[in-house]
Amino acid sequence: MAKNVLLVDDSSTMRKIISRSLRQAGLDFGEIYEAGDGQEALAVLEKESVDIVLSDINMPNMNGIEFLREKANRPGIKDIPVFMISTETGDDIIGEAKSLGAVGALKKPFTPDKVNEVLGPLM
Amino acid sequence: MNSFAEINDKLIESTIEIFTGMVMMEISVLGEPLTELGSLKKSITGMVGLAGTRKGVLAVHFPRQVALDVTSNFLGLEVSEVNEDVQDAIGEIANMLGGNLKTILSDRGRDIQLSLPSTISGDEYSFSSQAEVDQVILPFQAPSGVFYVEVELEH
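Take a look at the structure:
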């Protein structure tokens, strides 16, 4: 069954590119929802049926790490998997994201082939 | 402490990777790095700041036409004027390059913080730091013009 995806990134350009990369990678997905920061992402998760979240880390208002921390405290949405897509790939930051429940990380820049390789198993 | 030669090589590699892999635009290095760039005319600059154990800024300066072409390729649609999409796209290029610079300077990632990207544009402006900095400017040839990746790091 096709997965509904939530893209969280403050760059509308990057949201479009990730969306296009998912299509080009040939992955099976349903609805694609978008949010510009962690706060907006939480609101979407509370309202819509989302199967997987692809989230940036460095964002205004509520960044990706704060989003993971807040999401972990909300019983209705805490088990939805989050995959980080970010320029932030230092071991300390990715380690913290994973300790808060992130299931993986993809470094920007990326290609559709890389998207397929790392996200394919989750989709 | 990374040398500027090492930073240059990795930034060149990162810039080409971003343009060929995501912007879908072939670019090439144009000559040797510069240490000074005069005033920028009809351009748009994307930049991110670094704070923490290394302080500085990474900026990428595009002539308007190159910025429009980059945005058009990025989004897969024709863009003919500098608008929010162009500012967002150029900011994101700076963000990705800043992330790569941060990785070059700090493998683990916690000792250097990256600011959110910002952009400036205008008919004529100059870009310089008030602090004492080491500076390098890498010129690249894109199909419709020359653009520059600039790094300034405080001593």
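From first to last, the protein sequence lines stand for chains A and B.
According to our numbering, the first sequence is numbered sequentially starting from 29.
According to our numbering, the second sequence is numbered sequentially starting from 46.
For each residue, glycine too, the CB sits at the ideal point set by N, CA and C.
Quick check on the burial criterion: 16 or more other C-beta atoms within 10 angstroms. Buried or exposed for residue i?
i: ALA139(B); result: buried
i: GLN52(A); result: exposed
i: MET18(A); result: The first residue shown for chain A is 29 and the last is 151, placing residue 18(A) beyond what the model contains.
i: THR115(A); result: buried
i: GLY66(A); result: buried
i: LYS136(A); result: buried
i: LYS86(B); result: exposed
i: TYR170(B); result: exposed
i: ALA187(B); result: buried
i: MET67(B); result: buried
i: LYS75(A); result: exposed
i: SER127(A); result: exposed
Since residue i and residue j should fall inside the 8 angstroms C-beta cutoff, what is the C-beta to C-beta distance between them, to a whole number of angstroms?
i: ALA125(A); j: ILE80(A); result: Between ILE80(A) and ALA125(A) the Cβ distance is about 15 angstroms, and since that is not below 8 angstroms, they are no contact.
i: ILE135(B); j: LYS147(B); result: Not confirmed; about 19 angstroms, so no contact.
i: LYS142(A); j: LEU134(A); result: 7 angstroms
i: MET141(B); j: ILE61(B); result: Contact flag wrong, Cβ pair sits at about 12 angstroms.
i: LYS99(A); j: LEU70(A); result: 6 angstroms
i: ASP38(A); j: MET87(A); result: 4 angstroms
i: LEU73(A); j: ILE108(A); result: 6 angstroms
i: LEU96(A); j: ALA130(A); result: 6 angstroms
Could you check what DSSP says for residue i in three-state terms: helix, strand or coil?
i: ILE85(A); result: coil
i: GLU58(B); result: helix
i: LEU128(A); result: coil
i: LYS87(B); result: strand
i: PRO184(B); result: strand
i: THR116(B); result: helix
i: MET70(B); result: coil
i: ASP179(B); result: strand
i: ILE80(A); result: strand
i: GLY144(B); result: helix
i: ALA134(B); result: helix
i: ILE157(B); result: strand
i: PRO108(B); result: strand
i: SER49(A); result: helix
i: LYS135(A); result: strand
i: THR98(B); result: coil
i: ALA71(A); result: helix
In chain order, what residues of the same chain have a beta carbon less than 6 angstroms from the beta carbon of residue i, not counting five sequence neighbours either side?
i: GLU195(B); result: ALA104 and ILE182
i: GLN175(B); result: none
i: ASN145(B); result: SER59
I'd like the list of long-range same chain contacts for residue i, defined as Cβ closer than 7 angstroms, with 5 residues on each side in sequence excluded.
i: PRO78(B); result: ASN53, VAL181, ILE182 and LEU183
i: VAL131(B); result: ILE89, ALA112, LEU113, THR116 and VAL124
i: SER189(B); result: GLN110, VAL111 and ASP114
i: GLY97(B); result: ASP156, ILE157 and GLN158
i: ASN91(A); result: GLY66 and ILE85
Can you find a C-beta in chain E that's less than 8 angstroms from the C-beta of residue i?
i: GLU145(A); result: The structure shown contains no chain E; its protein chains are A and B.
I'd like the list of long-range same chain contacts for residue i, defined as Cβ closer than 8 angstroms, with 5 residues on each side in sequence excluded.
i: VAL178(B); result: GLY101, GLU197, LEU198, GLU199 and HIS200
Quick check: the stretch 118-127 of chain B against the stretch 73-88 of chain B, are there 3 or more CB pairs under 8 angstroms?
-> no
Looking at C-beta atoms only, is the number of pairs between the stretch 73-88 of chain A and the stretch 33-40 of chain A that lie closer than 8 angstroms three or more?
-> yes
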